[in-house]
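Using mature numbering (1 follows the signal peptide of the UniProt record, and there is no 0), the letters of the sequence shown correspond one by one to residues -27 to -1, 1 to 539.
The structure appears right after this line, and notes come after that.
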Amino acid sequence: METPLLLPLTILVFFFFLTLCPYHAHAQSRFDVIARSCRHANVQDRDRYSRAYWKMRNEMLDEMSREKFSFKEAGDPPDRLYLFSQCMDDLSQSECRSCYRKLDDLLSYCLPSTGGRVYSDGCFIRAENYSFYRENITPDDLKRCSDGKEQEKEYTTMTSNLVVQMALKAPARGGFIVMQEKLPSGVAVYGLASCWKTLDQEMCSACLANAASTSISCLPSSQGRVLNAGCFLRYADYDFSNDGRKGEGRAAGLVHFTALHETCTLEDLSSSFYFILFIYLLFVEEGGDTVAKYVAYVFVAIAVCSLAILIGYYVGKSACKLSSHPNKEGPEMEMSILKRNLQFIQFKYSTLVKATDDFNESRKLGQGGYGEVYKGTLPDGREIAIKRMILSGKHGTEDVYNEMDVISRAQHKNLVRFLGCCFTSAESFLIYEYLPNGTISYNLFEYLAEGRLTEKVDTYSFGVLVLEIVSGIANSKFESAETFETLVGHAWKHFQSNTASEIIDESMEGRDDEEILRVVQVGLLCTQELPSLRPSMTEVTKMLKQKNVELPAPSKPPFTVASFSL
């Protein structure tokens, strides 16, 4: 062989290409799926619809690589197929191609439904059986708020200004913008906004105005995304874009390492193996130059090791995906929630495990028919209440949907605030704020355990307040030798034993025990387990004012020892 120096140079270049992939394997990908939803209805002619889809998706691949944007339509109503996809402008052509292929594959699982959407931070794809290209805002739009640390007030103010500025500027700049703001203190916020190219400037403005307003509701969360029908908006406390424009993204000349990571596929690994084999046969087996032989031995060995590392990485990555989703129950539940347009924060299961010391018994607040309630502490110090659901088939799943729907929409000073949820293949969790010393901490247990939000929740609160006054003990500070016993349960036990006088605060002066026992009975009527049995506040007032009104016998309250399923 006449060119011994060509061999090491060739393999060096190849080896450099290989090492780029594992080096950036841990970079956060712009291709990770944020949300996927499928339509409920199915098409009439499944075969024709599917054939049209597979044909159009392949035709769109080249256009996405060139233009980073494509839409097609084919077929006849009512099964005419409309397909659209677009990448963010800051992605390179190769990145866009990879992103489209990933989302396109996920969307195909929606068939034979009439359509669906898939969002990632880098691209978007949608299919429907009607022309949706001019839609900018729909009831199916979503938002995603991070479950990470909450930011300081200056971050909140700066972020609000940033998303508004993006909404104002992007429509006049082709429907895309990347911006950032920094304070001398080092606090920074980064944002990206993009309209789909099927919208005109006016529709783009309306879409981003809505997205900006919606994203502000995520604050003070450190990250927020709005996934509208016609646009995408995101903010975060770190630089996530691939943009190179001065003052509006990363520094020019930055290599798109995420793209390198994503484009190093298993197909590429297979090609790499054959390339190594070719080099070995060419320079070693054919009896080439002696120096070239030794250099070939060294570099082929290094290349093989690098290839082994890459294969190990991909095998490990696949194993992680399998362990994260051992079956489809968790993802399917999340998909059903997305279809209902329920807005929530998705907590990681690992976050809940750490927050509760692996659901330690000492962290348990109580247990009821709907599951167990644990107290947890997030990394930023916030205390939360975690409801570990006990589901029973379709009915139990429906209860979860309904509870999330009601509590996420309800705003009341006496209602615990719903923060988010977590779904695994085996369990479901709902996360609420924890009220350690609040005057309504009793509502937390009653609501979380029984999973009901009714107009009688204030009646329950009043009943607990009455028992607190009579006993002189705050419900949140009540201590008992019996596991899970609450102040309400304690009062109920004494009432049943005709020893209710024992719970009366001894410091009460000039007390009338008979009148106080009547008040205790009213308190127990207000805290009955079934909301339908609780009196209205009008009736409560009448009971307290008119002593001649006969009081019915109260039934047991929630969280009595007998009601636990231990």
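For each residue, glycine too, the CB sits at the ideal point set by N, CA and C.
- Collapsing the DSSP output to three states places ASN15 in a strand.
- In the three-state scheme derived from DSSP, where H, G and I count as helix and E and B as strand, GLY88 is classed as coil.
- Straight-line measurement puts the Cα of GLY164 at about 19 Å from the Cα of SER65.
- By the neighbour-count criterion, in which 16 or more other beta carbons inside 10 Å mark a residue as buried, GLN519 falls on the exposed side.
- In the three-state DSSP reduction, GLU68 falls in the helix class (H, G or I).
- In the DSSP assignment, MET481 falls outside any beta strand (DSSP E) and carries neither an H nor an E.
- By the Cβ-count criterion, HIS463 is buried, with 16 or more other Cβ atoms from all chains shown falling within 10 Å of its own Cβ.
- Scanning SER480, LEU503, GLN501, VAL495 for the CA closest to the CA of THR511 turns up VAL495.
- Looking at the backbone, the Cα of VAL513 and that of GLY483 are separated by about 24 Å.
- Beta-bridge pairing by DSSP links ARG9 to VAL91.
- Counting only runs of at least 4 residues, the stretch 116 to 168 fully encloses the following alpha helix (DSSP H) elements, listed from N- to C-terminal order: 126 to 142.
- In this structure, DSSP gives VAL522 a state outside helix and strand, which the three-state scheme calls coil.
- Here the C-alpha atom of TYR55 lies approximately 47 Å from the C-alpha atom of ASP331.
- The C-beta distance from GLY197 to CYS168 rounds to 18 Å, too long to fall under 8 Å, and the pair is not in contact.
- Residue state for PHE42 is assigned as strand, using DSSP reduced to three classes.
- In this structure, PHE97 lies away from PHE213, with their beta-carbon atoms at least 9 Å apart.
- Note that the stretch 33 to 45 does not touch the stretch 124 to 134; fewer than 3 beta-carbon pairs, one per stretch, sit closer than 8 Å.
- In this structure LEU141 is not in contact with MET152, their Cβ atoms being roughly 11 Å apart against a cut-off of 8 Å.
- With a contact defined as Cβ atoms closer than 8 Å, ASP94 and ILE7 qualify at about 7 Å.
- About 19 Å separates the CB atoms of VAL522 and VAL443; that is not less than 8 Å, and the two are not in contact.
- Using a Cβ-Cβ distance cut-off of 8 Å, the stretch 98 to 106 and the stretch 173 to 181 are not in contact, since fewer than three pairs of beta carbons, one from each stretch, lie closer than that value.
- Pairing CYS118 with ASP486, the inter-Cα distance amounts to about 54 Å.
- Close CB contacts of LYS170 within its chain, under the 7 Å cut and outside five residues either way in sequence, are with PHE42, GLN59, GLY148 (chain order).
- Following the DSSP letters along the chain, one finds CYS180 in no beta strand (DSSP E) but inside the alpha helix (DSSP H) bounded by residues 174 to 189.
- Look at GLN469 here: in three-state DSSP terms it is helix.
- Burial of TYR208 is indicated by the presence of at least 16 other C-beta atoms within 10 angstroms of its C-beta.
- Taking PRO508 as reference, the option from SER480, THR432, VAL437, ALA358 with the minimal CA-CA separation is THR432.
- ALA328: member of the alpha helix (DSSP H) spanning 322 to 328, first to last residue.
- For LYS450, the three-state secondary structure derived from DSSP is helix.
- With a cutoff of 9 Å on beta-carbon distance, LYS321 and ASP49 are scored as not near each other.
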